[in-house]
Every structure is written in C-alpha cells, then in structure tokens.
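In the numbering used here, the protein residues as written are 376 to 490.
Heads up, the beta-carbon is just placed ideally off N, CA and C, and yes, glycines get one too.
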Ligand code: AMP
C-alpha cells in the first residue's frame, strides 16, 4: 500500500493534535471538523479500506471502537452520544486510503447522513 498522510502522522513526520496513542492505534483531531467534536481513530497498521480488513485484523478494528469510547468519555460527549463512521471508497466519501473511524459529537446529528 502506498503511503498516505496518516502514515506520516503515525511516524510524526507531520504534526497532528494527538489525543491517544498505543502500540496499535492512534487518535487525533480532524483537521477539518464537521461537528463541535470531530476526531479520527486509526490503526497503525496501514489498511487501505474496509474491504481490505483481514480476519486477523478484526480485534484491531474492535480496538479502534474501544479507543473511540475512551476519548468520547474523556471529552464528556459519551453520554449525550456521538456518531462513529468509517467511509469506504468513492461512494462512501473516503479520501484517505488508510482506514479511520470518524467520531462526531457535540450536537444532535442529522439522519440520514447523506444529501
Ligand atoms: P475520509 O474522507 O473519510 O477519508 O476522511 C478523511 C479525513 O481526514 C477528513 O475528515 C479530513 O479532514 C481528515 N484529514 C486529512 N488530513 C488530515 C490531517 N493532516 N490531520 C487531521 N485530519 C486530516
């Protein structure tokens, strides 16, 4: 897989507002927030899209949700609620081909999410 901007955030070649880091995952604020709280949780392993998740990655993907919930609690948005979304490919609106969980919070969010 070719390098993405997220690989450079993982390697600290480019800066990000890092919210959480462990051996397997990294979370940082989205540079173009679409809600009062908007952060991304990514695996350190570069997986291009949801379609590329392998059986051995399933606990890693579950870990991303756990990380998301810890940060949501820290930010005080867990009780009110939030949206966790992972876009896939062109129709899903994916622009960075390194899977990432968007967490959007801080106000009631519209549904359905498409226009
Ligand atoms: P997606 O369109 O689902 O692939 O989401 C990519 C997200 O990455 C967008 O919400 C961007 O605002 C965000 N993004 C792109 N570059 C950066 C960056 N350098 N730091 C933080 N977020 C970024």
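An exposed status is given to residue 489, since fewer than 16 other beta-carbon atoms sit within 10 Å of its beta-carbon. In summary, residue 430 is exposed, with fewer than 16 beta-carbon neighbours lying within 10 Å of its beta-carbon over all protein chains present.
Residue 459 and residue 476 have their C-alpha atoms roughly 6 Å apart. Of the residues 393, 452, 433, 395, the one whose Cα lies closest to the Cα of residue 480 is 452. For the pair residue 468 and residue 462, the Cα-to-Cα distance works out to about 6 Å.
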